[in-house]
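Working notes, structure below.
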Amino acid sequence: MYEIFQLIHKTLFFVVMILGLIVIVRAAMGLSSKSDFTETDRKFGLFFLISNHTQLLIGLVLYLFLSPFGMKAFTDFGSEVMKIAEYRKIAVEHILTNIIAIALITVGYSKNKRATDAIVRHKNALIFFGLGLVLLLSRIPWDKL
1 MYEIFQLIHK TLFFVVMILG LIVIVRAAMG LSSKSDFTET DRKFGLFFLI
51 SNHTQLLIGL VLYLFLSPFG MKAFTDFGSE VMKIAEYRKI AVEHILTNII
101 AIALITVGYS KNKRATDAIV RHKNALIFFG LGLVLLLSRI PWDKL
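Set out below in C-alpha cells:
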C-alpha cells in the first residue's frame, strides 16, 4: 500500500509542476501584455489548486499512516529524527514547507476570485502561485524521485 501511494504522490508531483509552470507563464505573459484574465487562466489556476490539495491529502496519508518516516517522527521526535538531516527533511521540513506553499496558492486563488481587474489577477497569480511553486520545489526530496 505504501508503494502505491508513494507512486501516486510522485506522479502527481509532475502534474503539479507542469500546471504550476503553465499558470506562472500565463500570468507573466498576461501581466506584460496587459491582457484580460481569461476563463482559461482561471481554470488553470483552479486545476493547479486542486492538484496541490490532492497532493497534500495523499502526502498526509503517506505521512500519518503509511510512511516509516512519519511514524518515526511521532515516536522518536527529539533524539533521532531532528539529528539526522535526511529524516528531518522528510518528517518536518518537507511537510511544513509544502503546507505553507499550498496555503499561499489557496490565498492567491481566493484573491483572484474577488479581484475584478485583470492586471491585479495576473499579479496575484504570479506572486502567490510563484511563491508557492518555489517553496514546493525547495523541499522536494530530489534524490528519492
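Be aware that the sequence shown starts at 1, since it is given in full-length UniProt numbering, and climbs by one per residue. Glycine included, each C-beta is placed from N, C-alpha and C at the ideal position.
- Annotation for PHE37: GLY30, ALA118, ARG121 and HIS122 place their beta carbon closer than 7 angstroms to its own, counting only its chain and skipping 5 residues before and after.
- When C-beta atoms of the region 14-30 are compared with those of the region 123-132, three or more pairs fall below 8 angstroms, so the two segments count as touching.
- Residue range 95-114 is occupied by the alpha helix (DSSP H) that includes SER110.
- Spanning the alpha carbons of SER51 and ARG88 requires a straight line of approximately 25 angstroms.
- Of the residues SER32, SER110 and GLY59, the one whose Cα lies closest to the Cα of LYS10 is GLY59.
- Take the alpha-carbon of ALA103 and the one of LEU7: they are about 24 angstroms apart.
- With fewer than 16 other CB atoms across the displayed protein chains lying within 10 angstroms of its CB, ASP143 is exposed.
- The alpha carbon of GLU3 has as its nearest neighbour, out of ILE24, LEU66 and PHE48, the alpha carbon of LEU66.
- Scanning its chain for C-beta atoms nearer than 6 angstroms, with the 5 sequence neighbours on each side dropped, one finds around GLN55 the residues LEU12 and VAL16, in chain order.
- In this structure ARG114 is exposed. Its beta-carbon is surrounded by fewer than 16 other beta-carbon atoms within 10 angstroms.
- Rounded to whole angstroms, the gap between the alpha carbons of ILE84 and GLU93 is 12 angstroms.
- The C-alpha of LYS43 lies about 37 angstroms from the C-alpha of GLU86.
- Beta-carbon to beta-carbon, LYS111 and ASN98 are separated by about 20 angstroms, too far to satisfy the 8 angstroms threshold.
- Closest option to ARG26, judged by alpha-carbon separation, among PRO141, PHE14 and PHE48: PHE48.
- Just measuring C-alpha positions, the residue of ILE24, SER35, PRO68 and LEU96 sitting nearest MET1 is PRO68.
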